[in-house]
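Quick note, the sequences are listed as chains A, B and C, same order. Heads up, the first sequence is in this note's numbering, so the first residue is 17 and it goes up one at a time. Heads up, the second sequence is in this note's numbering, so the first residue is 0 and it goes up one at a time. Heads up, the third sequence is in this note's numbering, so the first residue is 13 and it goes up one at a time. Since the structure comes first, as structure tokens, the remarks are kept for the end.
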Amino acid sequence: MKAERILLAHGSGGSLSYNLIRELFLPRFYNPILATLADAAVFSRQGMRLAITTDSYVVDPIFFPGGDIGSLAIYGTINDLAMGGAEPLYFSIGFILEEGFFLEELKVVVNSVREAAQQCGVEIITGDTKVVPRGKGDKVFINTTGLGAVREGVELSVERVCVRDKIIINGFIGEHGIAVMSQREGLEFDTIIKSDAASLWGLVSQMLEASQGLHLLRDPTRGGVATVLNEVVGGRDFGIRLEEISLPIGEGVLAACELLGLDPLYVANEGKLIAFCQPDEVDPILAAMRRHLYGREARVIGEVVANPAGKVIMKTRVGGTRLLDMLTGEQLPRIC
Amino acid sequence: MCLGIPMRIVEKEGNKGIAEAGGVKREVSLHLVEGVEIGDYVIVHAGFAIQKLDEREAEETLNLLREMLQAEED
Amino acid sequence: MRFIDEFRDSSLAGALARRIARLAEGSPEITLMEVCGTHTVTVFKHGIKDLIPDNVKLLAGPGCPVCVTPTHYIDKAIAYARLEGVIVATFGDLFRVPGSSSSLEEERAKGGDVRIVYSPLDALRLAQQSRDKMVIFLGVGFETTAPLVAVSIMEAKRRGIRNYYVLCAHKVMPPPMEALVSDGELRIDGFLCPGHVSTIIGWGAYRFLSQKYHIPCVVAGFEPLDVLEGIWMLLRQIRNGTVQVDNQYRRAVREEGNPKALSLMRDVFEMADSEWRGMGVIPGSGLTISDKYRDYDAETSMEVAVEPLYSPPGCICGSVLRGVKSPLNCPLFRKVCTPESPVGACMVSSEGTCSIYYKYSDQI
Numbered sequence: 017m018k019a020e021r022i023l024l025a026h027g028s029g030g031s032l033s034y035n036l037i038r039e040l041f042l043p044r045f046y047n048p049i050l051a052t053l054a055d056a057a058v059f060s061r062q063g064m065r066l067a068i069t070t071d072s073y074v075v076d077p078i079f080f081p082g083g084d085i086g087s088l089a090i091y092g093t094i095n096d097l098a099m100g101g102a103e104p105l106y107f108s109i110g111f112i113l114e115e116g117f118f119l120e121e122l123k124v125v126v127n128s129v130r131e132a133a134q135q136c137g138v139e140i141i142t143g144d145t146k147v148v149p150r151g152k153g154d155k156v157f158i159n160t161t162g163l164g165a166v167r168e169g170v171e172l173s174v175e176r177v178c179v180r181d182k183i184i185i186n187g188f189i190g191e192h193g194i195a196v197m198s199q200r201e202g203l204e205f206d207t208i209i210k211s212d213a214a215s216l217w218g219l220v221s222q223m224l225e226a227s228q229g230l231h232l233l234r235d236p237t238r239g240g241v242a243t244v245l246n247e248v249v250g251g252r253d254f255g256i257r258l259e260e261i262s263l264p265i266g267e268g269v270l271a272a273c274e275l276l277g278l279d280p281l282y283v284a285n286e287g288k289l290i291a292f293c294q295p296d297e298v299d300p301i302l303a304a305m306r307r308h309l310y311g312r313e314a315r316v317i318g319e320v321v322a323n324p325a326g327k328v329i330m331k332t333r334v335g336g337t338r339l340l341d342m343l344t345g346e347q348l349p350r351i352c
Numbered sequence: 000m001c002l003g004i005p006m007r008i009v010e011k012e013g014n015k016g017i018a019e020a021g022g023v024k025r026e027v028s029l030h031l032v033e034g035v036e037i038g039d040y041v042i043v044h045a046g047f048a049i050q051k052l053d054e055r056e057a058e059e060t061l062n063l064l065r066e067m068l069q070a071e072e073d
Numbered sequence: 013m014r015f016i017d018e019f020r021d022s023s024l025a026g027a028l029a030r031r032i033a034r035l036a037e038g039s040p041e042i043t044l045m046e047v048c049g050t051h052t053v054t055v056f057k058h059g060i061k062d063l064i065p066d067n068v069k070l071l072a073g074p075g076c077p078v079c080v081t082p083t084h085y086i087d088k089a090i091a092y093a094r095l096e097g098v099i100v101a102t103f104g105d106l107f108r109v110p111g112s113s114s115s116l117e118e119e120r121a122k123g124g125d126v127r128i129v130y131s132p133l134d135a136l137r138l139a140q141q142s143r144d145k146m147v148i149f150l151g152v153g154f155e156t157t158a159p160l161v162a163v164s165i166m167e168a169k170r171r172g173i174r175n176y177y178v179l180c181a182h183k184v185m186p187p188p189m190e191a192l193v194s195d196g197e198l199r200i201d202g203f204l205c206p207g208h209v210s211t212i213i214g215w216g217a218y219r220f221l222s223q224k225y226h227i228p229c230v231v232a233g234f235e236p237l238d239v240l241e242g243i244w245m246l247l248r249q250i251r252n253g254t255v256q257v258d259n260q261y262r263r264a265v266r267e268e269g270n271p272k273a274l275s276l277m278r279d280v281f282e283m284a285d286s287e288w289r290g291m292g293v294i295p296g297s298g299l300t301i302s303d304k305y306r307d308y309d310a311e312t313s314m315e316v317a318v319e320p321l322y323s324p325p326g327c328i329c330g331s332v333l334r335g336v337k338s339p340l341n342c343p344l345f346r347k348v349c350t351p352e353s354p355v356g357a358c359m360v361s362s363e364g365t366c367s368i369y370y371k372y373s374d375q376i
């Protein structure tokens with residue numbers, strides 16, 4: 017039964033979102049740059065290589081452990097630029113405010129935006145504000161568009177990925193999704209799980225400086241690590257093989273996932289990147305990452321393989337193999 | 000067919016309790032179990048403790064398996 | 013996490029795998045049925061089939077309560093969701109199951125008030141908070157879940173909450189197992205019995221099966237070592253020619269189960285005949301709400317017109333649930349029937365055999 021209406025699942029980053037983009041938007045807007053469906057669009061103009069990306073933020077609740085919708089609106093968009101190897105420069109910001117939203121809360125959000133932007137060295141140079149009637153929004157939605165510059169010689173794209181490339185992640189997964197979900201589900205934690213939302217440009221620029229062997233960067237946001245890896249291999253002549261024992265997952269995230277019936281590989285992250293790199297460049301890249309605050313726990317979690325092409329598989333802790341499919345629907349907390 | 004995870008009771012008041020696992024705490028109903036005290040482990044399903052976990056049996060199960068492994072190495 | 017991590021130990025898994033291989037060596041094909049959907053999830057999620065020899069076949073059975081619930085029930089839930097002033101509260105598992113023409117997910121998109129809850133007590137709380145609405149909780153699940161729903165109904169009565177109802181489709185476990193082996197279509201050499209259902213009903217509940225039908229039964233837990241040890245225990249019975257009920261899940265399952273939960277269930281529910289998708293009506297296999305709690309029964313308290321049943325052609329969910337066909341035999345699997353556009357319930361439920369094959373297996 018194909019959906020006639022937009023479902024929440026269309027926004028979860030999984031296969032429904034993917035299909036919506038590929039079937040509805042892409043053919044109508046088609047051009048070679050858009051077709052890459054990369055996190056940031058990289059283009060050249062008068063000898064300059066620029067990157068642009070846009071993102072809308074609708075997180076609920078708007079305040080969560082480790083951040084809020086304001087800081088997320090800056091970090092998330094910076095990270096999309098960073099995945100393209102672009103240094104973030106200028107931002108636009110658009111607010112859609114719901115009638116009745118408290119000004120005091122808006123102030124907190126705006127201060128978060130300012131702090132995050134200042135910390136990351138980006139300037140917000142243009143913006144827009146709209147107000148919708150009560151019930152037609154949800155407190156505040158934010159859109160940010162980021163413009164960045166890509167240095168000469170930096171070429172990050174899926175075309176560069178080869179069999180035997182190693183796959184690296186910079187730290188513990190599932191923190192953002194669990195931090196947000198735990199607010200909604202009323203879970204309490206001994207040590208509160210905080211969202212990992214952070215700007216990754218600093219880390220990325222260190223990685224780019226350390227090696228020419230970086231082929232591709234992707235950030236595992238909605239849909240999690242499993243979904244983004246599936247996006248990389250979809251329709252390609254290579255696949256990915258992960259090792260379950262090498263996945264960095266914190267105890268609290270593991271426990272929350274067990275309780276809610278979630279799989280950490282499908283939970284959203286906002287301060288993580290996945291790097292595909294030449295196997296003989298793993299050491300300098302890991303060393304550079306581990307010197308950085310957001311890369312202390314960096315490690316190899318798998319590699320690119322010839323078979324099975326187009327798929328992501330994982331060697332399980334007990335020695336079996338399983339397929340890691342793309343996320344379907346939303347991750348609904350299940351019991352049965 | 001039912002997600003049930005082992006959790007430890009850390010607080011208890013009448014038929015309600017707080018259970019903990021891996022640092023995560025959640026309120027659970029103790030309506031379906033009897034004789035559960037603070038420090039006991041229970042199986043939690045959809046917000047209810049459905050059975051007390053027998054720690055001794057758990058250890059015995061594991062020991063049997065460890066013996067299996069040991070026997071191979073001998 | 014304690015009592016989870018230890019049961020995922022890879023060296024112990026290896027030792028079990030080697031024992032299983034030795035027991036199965038030289039034997040003709042052995043078919044074991046895991047009745048419970050959560051067992052099927054464990055098997056696939058940890059790649060357990062890679063750890064057992066090719067002549068030991070694992071067959072998935074009808075232990076997915078969402079999958080065996082007939083389409084008519086979903087259609088009824090959808091009909092309620094379309095009524096003004098009604099909140100339909102459900103476990104997440106039912107949300108995307110296709111009815112004859114729609115699903116609860118679609119109804120919510122159209123403006124129906126459908127809420128996903130983690131526990132029946134959350135649904136009761138909804139009723140308490142929204143006194144002007146009628147909250148109908150979709151009571152689906154086996155004996156692990158039925159006692160919880162019983163408690164929610166008893167609490168509703170105790171607190172005088174008049175706007176809470178349950179649309180009861182609970183089913184019980186041993187009867188379908190008997191139905192599977194009594195018709196002779198299926199050849200099963202052993203049953204891996206449900207873990208948490210058995211926590212409630214006790215391992216003694218399967219004795220009649222092993223005695224009457226001479227089938228080895230082992231109650232197993234849900235971690236990889238539990239399933240592997242369960243398989244080993246079944247093979248050991250088969251090798252030795254013994255036929256009995258063994259309990260692998262000793263840390264959580266007793267012979268008598270959970271008497272308190274059973275007595276609450278008997279107070280709130282009555283046994284009834286029940287329809288199972290793909291298996292027809294199985295006598296004494298379901299629960300209905302007893303007269304004492306009739307006021308909380310959505311079925312008798314709230315009339316609603318339900319659309320005519322439509323069964324999509326080509327869907328073989330029934331055969332898959334009975335274990336006579338695998339998802340790989342289904343002409344619609346992966347080509348037409350996918351998790352995004354499911355044709356049958358087996359593809360939607362996280363414990364549905366087809367959904368598990370699709371998600372965890374790369375066999376086409």
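Glycine is no exception: its CB is placed at the ideal position from the N, C-alpha and C atoms.
Please list the residues of the stretch 270 to 287 of chain A that have a C-beta atom closer than 7 Å to any C-beta atom in chain B, keeping them in chain order. Answer set for the stretch 270 to 287 of chain A: Leu-270, Ala-271, Ala-272, Glu-274, Leu-275, Gly-277.
If we cut at 8 Å on Cβ distances, does B:Leu-29 have a partner in chain C? Against the second sequence, residue 29 of chain B aligns to sequence position 30. Judged by the 8 Å Cβ criterion, B:Leu-29 is not in contact with chain C.
Between the alpha carbons of C:Ala-29 and C:Pro-40, how many angstroms are there, rounded? Numbered from 1 along the third sequence, position 17 holds the residue referred to as residue 29 of chain C. Numbered from 1 along the third sequence, position 28 holds the residue referred to as residue 40 of chain C. If I take the Cα positions, the gap works out to 18 Å.
In angstroms with no decimal places, state the Cα-to-Cα distance between C:Pro-65 and C:Gly-38. As a working mapping, residue 65 of chain C is identified with position 53 in the third sequence. As a working mapping, residue 38 of chain C is identified with position 26 in the third sequence. As the crow flies, the alpha-carbon of C:Pro-65 is around 11 Å from that of C:Gly-38.
Classification of B:Asn-50 by the beta-carbon crowding that lies within 10 angstroms, buried from 16 upward: Sequence index remark: in the second sequence, residue 50 of chain B carries index 51 (1-based). For clarity, residue 50 of chain B is Gln in the given sequence; the question names Asn instead. A residue is called buried once 16 or more other Cβ atoms fall within 10 Å of its Cβ, and B:Gln-50 is buried on that count.
Start and end residues, alpha helix (DSSP H) containing A:Ala-57: Position 41 of the first sequence, counted from the start, is the residue given in the question as residue 57 of chain A. No alpha helix (DSSP H) holds A:Ala-57; the beta strand (DSSP E) holding it covers 57 to 61.
Start-to-end residues for the alpha helix (DSSP H) that takes in A:Met-223: Locating residue 223 of chain A in the first sequence gives position 207, where the first residue counts as 1. Residues 217 to 226.
For C:Leu-246, which residues from the same chain have a beta carbon less than 6 Å from its beta carbon, with the 5 sequence-adjacent residues on both sides left out? Here the question's residue 246 of chain C lines up with position 234 in the third sequence. Answer for C:Leu-246: Leu-44, Gly-202, Pro-228, Val-230, listed in chain order.
Does the beta-carbon of B:Ala-70 have 16 or more other beta-carbons within 10 angstroms, so that it is buried, or is it exposed? Position 71 of the second sequence, counting from 1, holds the residue named residue 70 of chain B. With fewer than 16 other Cβ atoms within 10 Å, it is exposed.
Starting from C:Ala-168 and walking both ways along the alpha helix (DSSP H), at which residues does that stretch end? On the third sequence, residue 168 of chain C is found 156 positions in, with the first residue counted as 1. The continuous alpha helix (DSSP H) containing C:Ala-168 extends over residues 158 to 171.
Using 8 Å as the threshold, is the C-beta distance between A:Ile-185 and A:Ile-290 below it? In the first sequence, the residue the question calls residue 185 of chain A occupies position 169. In the first sequence, the residue the question calls residue 290 of chain A occupies position 274. Closer than 8 Å, so yes.
Would you check if the distance between the CB atom of C:Ile-99 and the CB atom of C:Ile-243 is smaller than 8 Å? In the third sequence, counting from the first residue as 1, residue 99 of chain C sits at position 87. In the third sequence, counting from the first residue as 1, residue 243 of chain C sits at position 231. No, the Cβ-Cβ distance between C:Ile-99 and C:Ile-243 is not below 8 Å.
Counting pairs of beta carbons, one from the stretch 300 to 309 of chain C and one from the stretch 167 to 180 of chain C, are three or more of them closer than 8 Å? Counting Cβ pairs under 8 Å, three or more are found: they touch.
Classify B:Met-0: buried if its beta carbon has 16 or more other beta carbons within 10 angstroms, exposed otherwise. Position 1 of the second sequence holds residue 0 of chain B. Confidence is the limiting factor: at B:Met-0 the pLDDT is only 42, short of 50, which leaves the residue's position unreliable and the question unanswerable from this model.
B:Gly-22 bridges to which residues according to DSSP? By one-based count along the second sequence, residue 22 of chain B stands at place 23. Answer is none; B:Gly-22 lacks a bridge partner.
Going along the stretch 17 to 46 of chain C in order, which residues come within less than 7 Å of chain A, judged by CB to CB distance? Hits within the stretch, in order: Arg-20, Ser-22, Ala-25, Gly-26.
Give me the chain C residues within the contact set of A:Leu-32, using Cβ-Cβ distance strictly less than 8 Å, ordered along the chain. In the first sequence, residue 32 of chain A corresponds to position 16, counting from 1. Neighbours of A:Leu-32 across chain C, judged by C-beta separation under 8 Å: Glu-352.
Strictly below 8 Å CB to CB, what residues from chain A border C:Asp-62? Taking the first residue of the third sequence as 1, we reach residue 62 of chain C at position 50. Under the 8 Å cutoff, chain A gives Gly-335, Gly-336, Thr-337.
Residue closest to C:Leu-35, alpha-carbon to alpha-carbon, out of C:Tyr-92, C:Pro-159, C:Asn-252: Here residue 35 of chain C is taken as the residue at index 23 of the third sequence, counted from 1. Of the candidates C:Tyr-92, C:Pro-159, C:Asn-252, the one whose C-alpha sits nearest the C-alpha of C:Leu-35 is C:Asn-252.
Within 8 Å (strictly less), CB to CB, does B:Glu-71 reach chain D? The structure shown has no chain D; the protein chains it does contain are A, B and C.
Following the continuous beta strand (DSSP E) through A:Leu-172, name the residue where it begins and the one where it ends. Along the first sequence, read from residue 1 onward, the residue named residue 172 of chain A stands at position 156. First-last for A:Leu-172: undefined, no H or E at that position.
For a quick check, are the C-beta atoms of C:Asp-303 and C:Val-293 less than 8 Å apart? Position 291 of the third sequence, counted from the start, is the residue given in the question as residue 303 of chain C. Position 281 of the third sequence, counted from the start, is the residue given in the question as residue 293 of chain C. No, the Cβ-Cβ distance between C:Asp-303 and C:Val-293 is not below 8 Å.
A:Glu-114, DSSP secondary structure in three states: In the first sequence, residue 114 of chain A corresponds to position 98, counting from 1. Under the three-state reduction of DSSP output, A:Glu-114 falls in the strand class.
Does the Cβ-Cβ distance between C:Pro-343 and C:Gly-326 come in under 8 Å? Working through the third sequence from its first residue, we reach residue 343 of chain C at position 331. Working through the third sequence from its first residue, we reach residue 326 of chain C at position 314. Against a cut-off of 8 Å, the Cβ pair of C:Gly-326 and C:Pro-343 comes out as a contact.
Apply the 10 Å Cβ neighbour rule to C:Ala-91 and answer buried if 16 or more other Cβ atoms are within range, or exposed otherwise. Numbered from 1 along the third sequence, position 79 holds the residue referred to as residue 91 of chain C. It is buried - the Cβ of C:Ala-91 has at least 16 other Cβ atoms within 10 Å.
Host alpha helix (DSSP H) of C:Ile-90 (start-end): Position 78 of the third sequence, counted from the first residue, corresponds to residue 90 of chain C. Counting along the chain, C:Ile-90 sits inside the alpha helix (DSSP H) bounded by residues 83 to 93.
Taking 8 Å as the CB-CB limit, is B:Ala-20 close to chain A? As a first step, residue 20 of chain B must be located in the second sequence, where it is residue number 21. True, the Cβ-Cβ gap to chain A drops below 8 Å.
Suppose the cutoff is 7 Å on Cβ atoms and the five residues either side in sequence are ignored; what does the same chain contact list for C:Pro-188 look like? Stepping through the third sequence from its first residue, residue 188 of chain C is reached at position 176. So the qualifying residues of the chain are Pro-74, Trp-288, Met-291, Ile-294, Ser-297.
Any Cβ of chain A within less than 8 Å of the Cβ of C:Gly-335? In the third sequence, residue 335 of chain C corresponds to position 323, counting from 1. Not one chain A Cβ lies under 8 Å of C:Gly-335.
Looking at the secondary structure, which residues open and close the beta strand (DSSP E) in which A:Tyr-91 lies? For the purposes of this step, residue 91 of chain A is taken as residue 75 along the first sequence, with counting starting at 1. Element bounds for A:Tyr-91: not the beta strand (DSSP E) but the alpha helix (DSSP H), 85 to 99.
Which residues does DSSP pair with A:Tyr-73 in a beta bridge? Translated into positions along the first sequence, residue 73 of chain A becomes position 57. BP columns for A:Tyr-73 point to A:Ile-158.
Is there a Cβ of chain B sitting closer than 8 Å to that of A:Thr-332, yes or no? In the first sequence, counting from the first residue as 1, residue 332 of chain A sits at position 316. So, not an interface residue.
Is it buried or exposed, C:Tyr-218, if we count other Cβ atoms within 10 angstroms and call 16 or more buried? Numbered from 1 along the third sequence, position 206 holds the residue referred to as residue 218 of chain C. Result: buried.
With a threshold of 7 Å, establish whether the CB of B:Ile-8 neighbours any heavy atom of the ligand ZN. You won't find the ligand ZN in this model; it holds no ligand whatsoever.
Kindly identify the DSSP beta-bridge partner or partners of C:Leu-150. Within the third sequence, the letter at position 138 stands for residue 150 of chain C. C:Leu-179.
Secondary structure of A:Met-17, DSSP reduced to three states: To locate residue 17 of chain A, count along the first sequence from 1; it is residue 1. Low confidence applies to A:Met-17: its pLDDT is 42, below 50, so where it sits in the model is not reliable, and the reading given next is rough at best. Assigned with DSSP and collapsed to three states, A:Met-17 falls in coil, not helix or strand.
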